[in-house]
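See structure below.
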Amino acid sequence: MPLKISMSLFVWFISLSMYSFAKENVVADLLVVANEKRLLQYQENGKNKGPTIEILNTLLKEAQLRADIVFMPWARAFVYAKNNPNTLILSIVRTPEREIDFYWLIKVSQLTLEFISLASKPENHVKSIAQAKNKSIAIVLNSIAHKDLISQGFSEKHNLYTVPNDEKMMNLFINGRVDLIYADPLSIRHYLNTYNNERVEVRNNKIIFKNQRYSYIAINKSTDSAIIKQLQQAANQVEKTAEYSRLFTK
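Residue numbers (the numbering used here): 1 to 250.
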């Protein structure tokens, strides 16, 4: 009898060990690359947070897929997602030139791009493109805002100061090292509140036509077709839920 009990315990121990090993070595189906934006997606105390992360998790659960999430500067995230199959990116604005590289799975936010200045520096408030071109502007490298301004005749040589992320852009702006930023006013006010800069007052002005856009969770077009189909079908289901509507307008 003791031998039978010992053998049973041994088998149970081996089974438990194999289960634990398998659990710790689950291979993700996808990689998600993301740029930190406090209003949408960010990391805090080692945890991924934000409404876009919640939409992503709901989408993956519905599709029965697993993914690892890696945060990195926007320019690097975009290049990686563009060149690597089985890669999702969030959040990314949909533009005609990006159609060739991505499938657009689900909307996660609506943004408006405007010129923003410090209220304490009225001399930097602009009402036209011509005025803005005479100011220094901090902008995240290769972002949709950066591309917008380049298309309007702005350049790094004359008026743009490119940075890798929103945090560096905001540091330059708050400390008065640039005159303007070109960004979403709601996101900027959220950033100021999050980092205890409520006393920093800003002014903004809509100048460029068609400055309202949607951002998405998108996936590299070279991804396995079965995975793309799973995600597209899952997105159709998620979009019908009240929880998605709440997160989209959050």
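For each residue, glycine too, the CB sits at the ideal point set by N, CA and C.
Source: prediction; values computed, not measured.
{"Asked": "Using only the alpha-carbon positions, how far apart do Gln155 and Ile227 sit?", "Found": "Strictly speaking, residue 155 in this sequence is Ser, with Gln absent from that position. Those two C-alpha atoms are separated by around 40 Å."}
{"Asked": "Please name the residue or residues paired with Tyr161 in a DSSP beta bridge.", "Found": "Ala138"}
{"Asked": "Who are Val33's beta bridge partners in DSSP?", "Found": "Val70 and Ile89"}
{"Asked": "Could you tell me if Ile100 is buried or exposed, where buried requires 16 or more neighbouring beta carbons within 10 angstroms of its beta carbon?", "Found": "exposed"}
{"Asked": "Buried or exposed: which applies to Pro51, given that a residue is buried once 16 or more other Cβ atoms fall within 10 Å of its Cβ?", "Found": "buried"}
{"Asked": "Out of Ile217, Ala218, Ile174 and Asp179, which has the shortest C-alpha to C-alpha gap to Arg199?", "Found": "Ile174"}
{"Asked": "Less than 8 Å between the CB atoms is what I'm expecting for Ala276 and Asn35, so what's the real figure, rounded?", "Found": "With the chain represented from 1 up to 250, any question about residue 276 goes unanswered, as that position is not in the structure."}
{"Asked": "What residue range does the alpha helix (DSSP H) around Asn205 cover?", "Found": "Careful: Asn205 lies outside any alpha helix (DSSP H), inside the beta strand (DSSP E) at Val202 to Asn205."}
{"Asked": "Around the Cβ of Lys37, are there at least 16 other Cβ atoms within 10 angstroms (buried) or fewer (exposed)?", "Found": "buried"}
{"Asked": "Is it buried or exposed for Val140, if we count other Cβ within 10 angstroms and need 16 for buried?", "Found": "buried"}
{"Asked": "Could you pull the start and end residues of the alpha helix (DSSP H) that Ala145 belongs to?", "Found": "Ile144 to Ser151"}
{"Asked": "Determine which residues share a DSSP beta bridge with Phe102 and list them.", "Found": "Asn220"}
{"Asked": "Would you say the beta carbon of Leu247 is closer than 6 Å to some non-hydrogen atom of the ligand NAP?", "Found": "Questions concerning the ligand NAP fall outside what the structure shown contains, since it holds no ligand whatsoever."}
{"Asked": "With distances taken from CA atoms, which of Ser225, Val202 and Ala138 is nearest Asn171?", "Found": "Ala138"}
{"Asked": "Please report how far the alpha carbon of Leu31 lies from the alpha carbon of Leu88, in whole angstroms.", "Found": "6 Å"}
{"Asked": "Taking the C-alpha atoms as reference points, what is the distance between Thr95 and Gln43?", "Found": "27 Å"}
{"Asked": "Thinking just about the alpha-carbon of each residue, which of Asn86, Ser128, Arg189 and Glu114 is nearest to the one in Lys221?", "Found": "Asn86"}
{"Asked": "Evaluate the contact criterion for the segment 118-137 versus the segment 232-242: three or more CB pairs, one atom per stretch, below 8 Å.", "Found": "no"}
{"Asked": "Give a yes or no on whether the C-beta atoms belonging to Tyr182 and Leu113 are separated by under 7 Å.", "Found": "yes"}
{"Asked": "Distance check for Ser120 and Leu247, CA to CA, integer angstroms please.", "Found": "34 Å"}
{"Asked": "If you drop the 5 nearest sequence neighbours on each side, which residues of the same chain put their C-beta closer than 6 Å to that of His146?", "Found": "Ile139"}
{"Asked": "From what residue to what residue does the alpha helix (DSSP H) around Ser225 run?", "Found": "Ser225 to Val238"}
{"Asked": "So, Ala63 versus Gln230, is the Cβ gap smaller than 7 Å?", "Found": "yes"}
{"Asked": "Cα separation between Glu123 and Arg203?", "Found": "11 Å"}
{"Asked": "So, helix, strand or coil for Leu60, using DSSP?", "Found": "helix"}
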